[in-house]
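Just below is one structure, and these are the notes that go with it.
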DNA sequence: AGTCTATGAATGAAAG
DNA sequence: CTTTCATTCATAGACT
């Protein structure tokens, strides 16, 4: 399943790929969305969520897509000892 | 009194977690497992490995996960400019 | 004591 | 979705 194509097919440019650093405000919003039950935001919701987060910083579609992926996966596996 | 250090003016998750201190016996066992070819033990093996190492100290699943992750990753690069 | 270095921990990004 | 890779942060321990 490939929800969104983030790389536009084949890679060609050696994109620098700076790592997105979510601020606490953004994390708070994302956590709120996640805890509201929307663990897999539908495609139509993405622009809406992005606009909401862009008040604090520029975020791409892939950024929070990955965020939700990791959030769900890691909360399920309960890999952390504490937290 | 919480000496949470700042990161260039941006606060990070104020999470005071004690870090696991592997003992020589544990490291010896882990290295043995690693050198036996099991560089990335499957999730199912981790509890087994943990039980084996718990003879020496309490360890969580995440500890091994991180250990193997770091061990594998850093065995390739002989460490960059330490941080 | 301060400084390095090694490494545990965390997580974004990506691969499978 | 699951698993792996890469980068980063924090800090214990070694060294000076």
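Residue numbers (UniProt numbering), protein chains in the order written: chain A, 1 to 83; chain B, 1 to 83. Backbone N, C-alpha and C define an ideal beta-carbon position, used for all residues, glycine too. Predicted model, so just to flag it, every value in this text is computed and none were measured.
query                                                                                                                                                                    : result
Going along the chain, which residues of its own chain have a beta-carbon closer than 8 Å to the beta-carbon of residue 61 (chain B), five neighbours each way excluded? : 46, 47, 50
On the CB-based measure, 16 or more other CB atoms within 10 Å of its CB, does residue 63 (chain A) come out buried or exposed?                                          : buried
Looking only at its own chain, which residues have a Cβ that is under 6 Å from the Cβ of residue 72 (chain A), when we skip the five neighbours before and after it?     : 39
How would you call residue 68 (chain B), buried or exposed, if buried means at least 16 neighbouring beta carbons within 10 angstroms?                                   : buried
When burial is assigned at 16 or more other CB atoms within 10 Å of the CB, is residue 26 (chain B) buried or exposed?                                                   : buried
In whole angstroms, give me the CA-to-CA distance for residue 37 (chain A) and residue 20 (chain B).                                                                     : 34 Å
Does residue 24 (chain A) pass the burial test, meaning 16 or more other C-beta atoms within 10 Å, or should it be called exposed?                                       : exposed
Please name the residue in B:74, B:29, B:70, B:65 whose C-alpha comes closest to that of residue 74 (chain A).                                                           : B:65
Using the rule of at least 16 other Cβ atoms within 10 Å of the residue's Cβ for burial, across every protein chain shown, is residue 41 (chain A) buried or exposed?    : buried
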